[in-house]
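A.B. asks: The following block contains the structure, expressed as structure tokens.
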Amino acid sequence: MAPIIDRSLLDMTCIPNITRHCILLSLLALTAYWQAYAQERRSSDELFQDARHAAFEEKDYPQAIRLSRLALAQSPDYSEIRVFVGRVYTWGDHPDSARTEFHYVIQAHPDYEDAYVAITDLEYWNDRPDTALVYVTQGLQQHPQSAPLLLRKARVQAALKQLPEAAKTANALLVLYPSDAAGRALLSSIRDQVRKNKIDISYDYTYFDKRFDQAWHLLSVSYARQTKMGTILGRMNYANKFGEDGVQGEIEAYPRISKTFYAYVSAGYSGSDIFSKYRSGLSLYANLPASFEGEVGFRYLYFDDAVWIYTASIGKYYKNWWFNLRTFLTPGEGELSRSFAVTARYYTAGADDYFSIGLGTGVSPDDQRNNINYAINTNLITYKWLLGYQRTIWRQNIIGAGVTWYYEEYRKGTYGNQVNIGIMLQRRF
Numbered sequence: 001m002a003p004i005i006d007r008s009l010l011d012m013t014c015i016p017n018i019t020r021h022c023i024l025l026s027l028l029a030l031t032a033y034w035q036a037y038a039q040e041r042r043s044s045d046e047l048f049q050d051a052r053h054a055a056f057e058e059k060d061y062p063q064a065i066r067l068s069r070l071a072l073a074q075s076p077d078y079s080e081i082r083v084f085v086g087r088v089y090t091w092g093d094h095p096d097s098a099r100t101e102f103h104y105v106i107q108a109h110p111d112y113e114d115a116y117v118a119i120t121d122l123e124y125w126n127d128r129p130d131t132a133l134v135y136v137t138q139g140l141q142q143h144p145q146s147a148p149l150l151l152r153k154a155r156v157q158a159a160l161k162q163l164p165e166a167a168k169t170a171n172a173l174l175v176l177y178p179s180d181a182a183g184r185a186l187l188s189s190i191r192d193q194v195r196k197n198k199i200d201i202s203y204d205y206t207y208f209d210k211r212f213d214q215a216w217h218l219l220s221v222s223y224a225r226q227t228k229m230g231t232i233l234g235r236m237n238y239a240n241k242f243g244e245d246g247v248q249g250e251i252e253a254y255p256r257i258s259k260t261f262y263a264y265v266s267a268g269y270s271g272s273d274i275f276s277k278y279r280s281g282l283s284l285y286a287n288l289p290a291s292f293e294g295e296v297g298f299r300y301l302y303f304d305d306a307v308w309i310y311t312a313s314i315g316k317y318y319k320n321w322w323f324n325l326r327t328f329l330t331p332g333e334g335e336l337s338r339s340f341a342v343t344a345r346y347y348t349a350g351a352d353d354y355f356s357i358g359l360g361t362g363v364s365p366d367d368q369r370n371n372i373n374y375a376i377n378t379n380l381i382t383y384k385w386l387l388g389y390q391r392t393i394w395r396q397n398i399i400g401a402g403v404t405w406y407y408e409e410y411r412k413g414t415y416g417n418q419v420n421i422g423i424m425l426q427r428r429f
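Going by the UniProt record's numbering, 189 is the number at position 189 of the sequence shown; the sequence numbering is gapless.
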């Protein structure tokens with residue numbers, strides 16, 4: 001309880017100035033002493049919470065350190081507090097003081113994981129990747145399956161231009177934790193640095209039980225190059241539909257805007273009636289907290305008339321799974337055509353190894369096998385499901401296969417089955 005002061009003592013009009021000043025100084029000293037005494041009587045956990053509030057909410061690093069010191073005076077071996085002090089010194093640009101705290105914890109508790117994480121960050125941020133690699137390696141000897149340490153080791157190895165080793169470490173992280181979005185992004189970046197070129201070849205065969213007598217064929221060949229701004233891709237599509245042959249050229253780009261945002265930009269042209277004459281697209285993607293990813297954009301197709309399609313999607317990583325919900329909205333004359341698709345991937349190893357399954361309704365403008373339906377009628381009912389699998393072989397190659405079944409209304413009230421079988425081969429170099 002704070003000391004109770006008689007209010008009459010505050011009326012000092014009749015007290016000489018010197019005496020008045022002495023009383024005021026005594027009251028201030030008593031108040032300061034009482035506050036310090038009250039803080040010292042608080043538990044180390046309570047002081048630690050106040051220190052965290054001072055650091056994170058108020059950005060008052062000196063106060064955070066002072067409160068932490070009071071807590072450590074009560075509990076000198078409280079490793080979490082001491083690592084926190086080291087991090088505050090790191091943020092305040094006092095690396096030597098931070099190292100002192102981290103070394104104390106590592107020597108006293110060699111198996112304390114967060115100390116290795118913190119000192120690795122310190123050395124990495126201070127442009128000492130060699131030293132950071134030493135500490136993160138020591139930490140992984142104690143905790144070989146630590147996601148934070150594996151991620152940092154891959155990042156440090158990449159900074160040291162040990163790119164094959166960095167890719168191996170990032171892959172090991174994703175084998176253990178397939179939903180780690182930071183690890184997946186890092187592995188993609190490392191692969192782009194190691195192998196900047198990519199060639200894809202895919203073939204799709206489409207069978208109809210009623211709608212058409214002849215099957216459709218689609219062969220696509222693409223080349224992608226990783227640049228400083230992002231990936232640029234060129235693709236040629238050859239198709240045989242309705243007994244006619246046709247060719248279409250496309251170009252796509254995936255420019256990086258920031259750590260949070262990137263974009264998709266595309267354009268295409270064909271002189272054949274079995275493709276859209278013009279096509280283009282634009283989407284903005286955002287890497288959101290909690291392993292979410294969002295997208296908004298549009299697609300444009302021109303057959304005999306222009307068709308504008310608007311799209312939005314939300315994706316989420318959860319453990320070994322990735323889930324995505326997408327919609328396409330196509331304005332028409334007095335009506336709005338809608339399509340929806342739900343896709344899930346189950347990752348078996350790295351970023352390119354997974355099973356996929358999906359359900360949906362309607363037609364997708366991104367589906368070159370079927371988007372000619374936009375030239376026919378987007379308001380007829382279509383249901384679809386898909387199964388797929390792809391995996392990495394011999395490090396630089398990816399193979400994949402999939403099947404998609406459509407149950408579609410091709411005339412009002414008349415339905416038929418459509419089955420698509422596709423295979424894919426990709427080579428990175």
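We put the beta carbon where it would ideally sit given N, CA and C, even for glycine.
Under 8 Å, with one C-beta from each stretch per pair, do the region 333-348 and the region 195-213 reach the 3-pair mark?
C.D. replies: Touching, no.
A.B. asks: Do you know whose CA, among Leu72, Gly271 and Asn320, lies nearest Ser291's CA?
C.D. replies: For the purposes of this step, residue 291 is taken as residue 291 along the sequence shown, with counting starting at 1. If we check each option's Cα against that of Ser291, Asn320 comes out closest.
A.B. asks: Assign residue 438 to buried or exposed, taking buried as 16 or more other Cβ atoms, counted over all protein chains shown, within 10 Å of its Cβ.
C.D. replies: For the chain, the structure presents residues 1 to 429; residue 438 sits outside this window and is missing.
A.B. asks: Leaving aside the five residues before and after Gly281 along the sequence, list all residues of the same chain whose C-beta is less than 6 Å from its C-beta, in chain order.
C.D. replies: In the sequence shown, the residue the question calls residue 281 occupies position 281. Result list for Gly281: Ser266 and Arg299, in chain order.
A.B. asks: State whether the region 60-76 contacts the region 40-51, with contact taken as three or more CB pairs (one from each stretch) at a distance under 8 Å.
C.D. replies: As far as the Cβ criterion goes, the region 60-76 touches the region 40-51, which means the pair count is three or higher.
A.B. asks: For the 8 Å Cβ check, are there 3 or more pairs between the region 147-164 and the region 121-138?
C.D. replies: Enough Cβ pairs lie closer than 8 Å, so yes.
A.B. asks: Residues bridged to Val419 by DSSP?
C.D. replies: Locating residue 419 in the sequence shown gives position 419, where the first residue counts as 1. DSSP lists Tyr207 and Trp405 as partners of Val419.
A.B. asks: What span of residues does the beta strand (DSSP E) with Asn126 cover, start to end?
C.D. replies: The residue given as residue 126 occupies position 126 in the sequence shown. Unbroken run through Asn126: none, as it is neither H nor E.
A.B. asks: By Cβ distance, which residues of its chain are closer than 7 Å to Ala132, with the 5 residues on each side in sequence left out?
C.D. replies: Numbered from its first residue, the sequence shown carries residue 132 at position 132. Within the same chain, Ala132 has close Cβ partners Thr120, Glu123, Tyr124 and Val156.
A.B. asks: Between which two residues does the beta strand (DSSP E) harbouring Val363 extend?
C.D. replies: Residue 363 sits at position 363 when you count from the first residue of the sequence shown. Run containing Val363: none; DSSP gives neither H nor E here.
A.B. asks: I'd like the span of the alpha helix (DSSP H) that includes Thr169, first residue to last.
C.D. replies: Taking the sequence shown and counting its residues from 1, one reaches residue 169 at position 169. From DSSP, the alpha helix (DSSP H) with Thr169 extends over Leu163 to Leu176.
A.B. asks: List the endpoints of the continuous beta strand (DSSP E) containing Ser283.
C.D. replies: By 1-based counting over the sequence shown, the position of residue 283 is 283. Residues Tyr278 to Leu288.
A.B. asks: Apart from the five residues just before and just after Ile201, which ones in its own chain have a Cβ nearer than 6 Å to its Cβ?
C.D. replies: Translated into positions along the sequence shown, residue 201 becomes position 201. Closer than 6 Å at the Cβ level, and outside the excluded window around Ile201, lie Val221 and Leu425.
A.B. asks: DSSP state of Trp216, grouped into three classes?
C.D. replies: The sequence position of residue 216 within the sequence shown is 216, counting from 1. Of the three classes helix, strand and coil, the one that applies to Trp216 here is strand, per DSSP.
A.B. asks: Can you tell me whether Gln368 is buried or exposed? The criterion is at least 16 other CB atoms within 10 Å of its CB, across all chains shown.
C.D. replies: Here residue 368 is taken as the residue at index 368 of the sequence shown, counted from 1. Under this definition Gln368 is a buried residue.
A.B. asks: Among Ile81, Tyr238, Glu58 and Lys384, which one has its Cα closest to the Cα of Ser44?
C.D. replies: Start at 1 with the first residue of the sequence shown, and residue 44 comes out as number 44. If we check each option's Cα against that of Ser44, Ile81 comes out closest.
A.B. asks: For the structure I just gave you, are there three or more beta carbon pairs, one from the region 209-216 and one from the region 229-246, closer than 8 Å?
C.D. replies: Taking 8 Å as the limit for Cβ pairs, the verdict is that the region 229-246 does touch the region 209-216.
A.B. asks: So, helix, strand or coil for Asp245, using DSSP?
C.D. replies: Locating residue 245 in the sequence shown gives position 245, where the first residue counts as 1. In this structure, Asp245 counts as strand in the three-state DSSP scheme.
A.B. asks: Can you look up Tyr104 in the DSSP assignment and give me helix, strand or coil?
C.D. replies: Locating residue 104 in the sequence shown gives position 104, counting from the first residue. Helix.
A.B. asks: If you run the structure through DSSP and keep just helix, strand and coil, what is Phe261?
C.D. replies: Locating residue 261 in the sequence shown gives position 261, counting from the first residue. Three-state DSSP puts Phe261 in a strand.
A.B. asks: Counting Cβ pairs, one atom from each stretch, are 3 or more of them under 8 Å apart for the region 164-174 and the region 141-154?
C.D. replies: Enough Cβ pairs lie closer than 8 Å, so yes.
A.B. asks: Who are Lys425's beta bridge partners in DSSP?
C.D. replies: One-based indexing of the sequence shown puts residue 425 at position 425. Per the sequence shown, residue 425 should be read as Leu rather than Lys. BP columns for Leu425 point to Ile201 and Ile399.
A.B. asks: Please classify Thr227 as buried or exposed, where buried requires at least 16 other C-beta atoms within 10 Å of its C-beta.
C.D. replies: The residue given as residue 227 occupies position 227 in the sequence shown. Result: exposed.
A.B. asks: Measuring alpha carbon to alpha carbon, tell me which residue in Pro289, Leu149, Ser270 and Leu284 is nearest Gly304.
C.D. replies: Against the sequence shown, residue 304 aligns to sequence position 304. Before going further, note that residue 304 is Asp rather than Gly in the sequence given. The shortest C-alpha separation from Asp304 is found at Ser270.
A.B. asks: Alpha carbon to alpha carbon, how far is Arg211 from residue 452? Give it in angstroms, no decimals.
C.D. replies: What the structure shows of the chain is the stretch from 1 to 429, and residue 452 is not part of that stretch, so it cannot be assessed.
A.B. asks: Looking only at its own chain, which residues have a Cβ that is under 6 Å from the Cβ of Ile423, when we skip the five neighbours before and after it?
C.D. replies: Taking the sequence shown and counting its residues from 1, one reaches residue 423 at position 423. These residues qualify, in order along the chain: Tyr203 and Ala401.
A.B. asks: Output yes or no for whether 8 Å exceeds the beta carbon distance between Ile421 and Leu387.
C.D. replies: To locate residue 421, count along the sequence shown from 1; it is residue 421. To locate residue 387, count along the sequence shown from 1; it is residue 387. Cβ distance not < 8 Å, so Ile421 and Leu387 don't count as in contact.
A.B. asks: In terms of residues, what are the limits of the alpha helix (DSSP H) holding Arg66?
C.D. replies: Position 66 of the sequence shown, counted from the start, is the residue given in the question as residue 66. Residues Tyr61 to Gln74.
A.B. asks: DSSP beta-bridge partners for Thr231?
C.D. replies: As a first step, residue 231 must be located in the sequence shown, where it is residue number 231. For Thr231, which the question treats as bridged, DSSP gives the partners Gln226 and Tyr254.
A.B. asks: Given Tyr37, which residues of its chain have a CB within under 7 Å of its CB, disregarding the five upstream and five downstream residues?
C.D. replies: Working through the sequence shown from its first residue, we reach residue 37 at position 37. Note that Tyr37 has pLDDT 48, beneath the 50 cutoff, so the model's placement of it is unreliable and the number below is only indicative. Nothing listed; no residue qualifies.
A.B. asks: Hey, Leu329 and Tyr310: beta-carbon distance below 8 Å or not?
C.D. replies: Here residue 329 refers to the residue found at position 329 of the sequence shown. Here residue 310 refers to the residue found at position 310 of the sequence shown. Yes. Within cutoff.
A.B. asks: According to DSSP, is Ser43 part of a helix, a strand, or is it coil?
C.D. replies: Your numbering for residue 43 matches position 43 in the sequence shown. The answer is coil: DSSP assigns Ser43 none of H, G, I, E or B.
A.B. asks: Is it right to say Arg279 is buried, meaning 16 or more other beta carbons lie within 10 angstroms of its own, or is it exposed?
C.D. replies: As a position in the sequence shown, residue 279 is number 279, starting the count at 1. Burial call: buried.
A.B. asks: Among residues of its own chain, excluding the 5 on either side of Ala312, which ones have a beta-carbon nearer than 7 Å to its beta-carbon?
C.D. replies: Locating residue 312 in the sequence shown gives position 312, counting from the first residue. For Ala312, where only same-chain residues beyond five positions count, the Cβ hits under 7 Å are Glu295, Val296 and Thr327.
A.B. asks: Helix, strand or coil for Pro331, going by three-state DSSP, please let me know.
C.D. replies: By 1-based counting over the sequence shown, the position of residue 331 is 331. In the structure shown, Pro331 sits in a strand (DSSP, three-state: E or B).
A.B. asks: I'd like the ranges of any beta strand (DSSP E) spanning at least 3 consecutive residues and lying wholly in the region 291-336.
C.D. replies: Runs found: 292-302, 306-318 and 321-331.
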